[in-house]
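Student: Here the protein sequences come in this chain order: A and B.
Residue 70 in numbering that gives the first Met the number 0 sits at position 71 of the first sequence; the count goes up by one each step and never skips.
Residue 198 in numbering that gives the first Met the number 0 sits at position 199 of the second sequence; the count goes up by one each step and never skips.
Each residue gets a CB set at the ideal place from its N, CA and C atoms; glycine is no exception.
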Amino acid sequence: MAKIVVDVMLKPEILDPQGNAVASALPRLGFSFAKSVRQGKRFEIEVEGEPSAAQLAEVEKAAEVLLSNPIIENYVVRVEK
Amino acid sequence: MRVGVITFPGTLDDRDAARAVVAGGCEAVSLWHADADLKNVDAVILPGGFSYGDYLRCGAISRFAPVMQLVIEAAGKGMPVLGICNGFQVLCESHLLPGALTRNSDLHFLCRDQEIEITNNSTPWTSSYKAGEKIVIPLKNGEGSFQCDDKTLAELEGEGRVIARYVGQNPNGSRNLIAGITNARGNVVGLMPHPEHAIDELTGPSAAGLGFFTSILNAMVK
């Protein structure tokens with residue numbers, strides 16, 4: 000069983016109020032490492048066996064039409080061992 | 000004149016929208032998200048709420064509902080479509096309108112009476128208003144910040160496709176104070192605040208929202 004991971008992030012130019020809220024909460028807890036925080040979504044998709052090139056192409060398509068909104072988000076598809 | 004009001008699982012404002020349609024002088028026709036049937040309506044309203052629980056992104060799953068395939072096809076042929084709040088989000092996800100609605104800039108769910116200015120009264124949903132008319136109607140959403148790239152914004156502004164703007168302080172971080180837009184053809188309108196909650200002074204901040212529903216009657220009688 001292999002796992003295909005799709006990471007979806009807001010495009011850099013799109014305001015991320017959730018990430019900003021996390022960034023401002025960190026120092027209140029004594030964590031001083033963060034210059035900025037961006038929050039995104041991660042999809043884990045299990046498939047039988049090794050994913051084929053055709054399957055990955057289908058996942059790319061699904062990421063484009065459903066998992067992300069290309070107007071405001073970027074996505075990356077990868078296989079996790 | 001028959002105006003369809005779509006109910007998705009999680010829609011909240013379909014009753015108020017149907018009531019506003021009747022108050023505006025049209026017949027309200029209930030449409031169900033899973034039906035591939037527009038029941039011979041002359042126009043369609045996508046009301047507010049949290050369709051499909053706002054899972055994934057607001058409107059992202061509703062866009063693939065069977066009834067939406069017919070709405071997208073009919074909108075392409077010129078049928079008037081109005082999306083209010085969550086309905087606006089569905090129209091953006093469906094690519095019937097450009098841009099996207101994102102989390103309010105201050106992260107708060109807003110619920111308040113909001114003044115807006117009608118900036119385009121040439122659509123079938125806004126013709127009852129005077130250009131520049133200011134009205135107060137409820138605004139209630141968590142993801143109402145209108146975002147798009149600079150090219151799209153320039154197109155919307157250049158072609159007069161911003162149909163309503165927030166007056167005063169920007170409530171949610173929307174670009175150019177945009178509260179509502181229309182498509183290039185002018186038949187599809189998305190609006191974040193809620194005219195259907197402001198058709199009677201007994202229950203709303205004003206009755207000024209009724210104009211959206213009398214507009215559609217006028218548009219179809221012409």
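Which residues, in chain order, does the region 154-182 of chain B contribute to contact with chain A at a C-beta distance below 7 Å?
Tutor: Cβ contacts with chain A come from 172.
Student: What residues in its chain sit with their C-beta under 8 Å from that of residue 34 of chain B, if we drop five residues either side in the sequence?
Tutor: Same-chain partners within the cutoff: 65 and 66.
Student: Starting from residue 110 of chain B, trace the beta strand (DSSP E) in both directions and tell me its first and last residue.
Tutor: Start and end: 109-117.
Student: Since residue 36 of chain A and residue 21 of chain A should fall inside the 8 Å C-beta cutoff, what is the C-beta to C-beta distance between them, to a whole number of angstroms?
Tutor: Confirmed, about 5 Å.
Student: Pairing CB atoms from the region 129-142 of chain B with CB atoms from the region 94-114 of chain B, are three or more of them under 8 Å?
Tutor: At 8 Å Cβ cutoff, the stretches touch.
Student: Note down, in chain order, each residue of its chain lying with its Cβ closer than 6 Å to the Cβ of residue 17 of chain A, except the 5 sequence neighbours on either side.
Tutor: Answer for residue 17 of chain A: 38, listed in chain order.
Student: Smallest Cα separation from residue 80 of chain A: which of A:43, A:72 and A:73?
Tutor: It is A:43 whose Cα lies nearest to the Cα of residue 80 of chain A.
Student: Give me, in chain order, the residues of the same chain whose beta-carbon lies closer than 7 Å to that of residue 192 of chain B; leave out the 5 immediate sequence neighbours on both sides.
Tutor: Excluding residues within five positions, the ones whose Cβ falls inside 7 Å are 113, 115, 136, 137, 138 and 178.
Student: Starting from the Cα of residue 30 of chain B, find the closest Cα among B:18, B:57 and B:43 and give me that residue.
Tutor: Checked all of B:18, B:57 and B:43; the closest Cα to residue 30 of chain B is B:43.
Student: Note down, in chain order, every chain A residue with its Cβ under 8 Å from the Cβ of residue 147 of chain B.
Tutor: Within 8 Å Cβ-Cβ: 70.
Student: Determine, using beta carbons only, whether residue 103 of chain B and residue 47 of chain B come nearer to each other than 8 Å.
Tutor: Cβ atoms of residue 103 of chain B and residue 47 of chain B: not closer than 8 Å.
Student: How close, in whole Å, do the beta carbons of residue 62 of chain A and residue 76 of chain A come, if the pair is a contact with beta carbons under 8 Å?
Tutor: Contact flag correct, Cβ pair sits at about 6 Å.
Student: For residue 128 of chain B, count the other beta carbons within 10 Å of its own beta carbon; 16 or more makes it buried, fewer makes it exposed. Which is it?
Tutor: Counting Cβ neighbours within 10 Å, residue 128 of chain B comes out buried, since at least 16 surround it.
Student: Measuring only from the beta carbon, is residue 117 of chain B closer than 7 Å to any heavy atom that is part of the ligand MG?
Tutor: In the structure shown, the ligand MG is absent, as is every other ligand, since no ligand is present at all.
Student: Who are the Cβ neighbours of residue 106 of chain B in its own chain at under 6 Å, not counting the five residues just before and after it?
Tutor: Correct list: empty, nothing qualifies.
Student: What are the residues of the region 23-50 of chain A that lie near chain B, defined by any Cβ-Cβ distance shorter than 9 Å?
Tutor: The residues in question are 40.
Student: Can you name the start and end residues of the beta strand (DSSP E) that residue 78 of chain A belongs to?
Tutor: Element bounds for residue 78 of chain A: 72-79.
Student: Runs of 4 residues minimum, wholly inside the region 111-184 of chain B: which ones carry the alpha helix (DSSP H) assignment?
Tutor: DSSP runs (the alpha helix (DSSP H)) wholly in the region 111-184 of chain B: 149-157.
Student: Tell me the rounded alpha-carbon separation between residue 150 of chain B and residue 171 of chain B.
Tutor: Computed Cα separation, rounded: 21 Å.
Student: Starting from residue 8 of chain A, trace the alpha helix (DSSP H) in both directions and tell me its first and last residue.
Tutor: No alpha helix (DSSP H) contains residue 8 of chain A, which is instead part of the beta strand (DSSP E) from 1-9.
Student: Hey, could you find the ends of the alpha helix (DSSP H) residue 55 of chain A is sitting in?
Tutor: Start and end: 52-61.
Student: Just mark residue 122 of chain B as buried or exposed, buried being the case when its beta carbon has 16 or more other beta carbons within 10 Å.
Tutor: Per the 10 Å Cβ criterion, buried.
Student: For residue 101 of chain B, which residues from the same chain have a beta carbon less than 7 Å from its beta carbon, with the 5 sequence-adjacent residues on both sides left out?
Tutor: Closer than 7 Å at the Cβ level, and outside the excluded window around residue 101 of chain B, lie 142, 144 and 146.
Student: With H, G and I counted as helix, E and B as strand and the rest as coil, what does DSSP make of residue 23 of chain B?
Tutor: Correct three-state label for residue 23 of chain B: coil.
Student: Have a look at B:3, B:210 and B:176 and flag the residue whose alpha-carbon is nearest the alpha-carbon of residue 79 of chain B.
Tutor: When only C-alpha atoms are compared, the closest one is B:3.
Student: Determine, for residue 62 of chain A, whether the minimum Cβ-Cβ distance to residues of chain B falls below 8 Å.
Tutor: By this cut-off, residue 62 of chain A is not an interface position.
Student: For the region 51-96 of chain B, list the alpha helix (DSSP H) runs that are entirely contained and at least 4 residues long, ordered along the chain.
Tutor: Runs of the alpha helix (DSSP H) inside the region 51-96 of chain B: 65-75 and 85-92.
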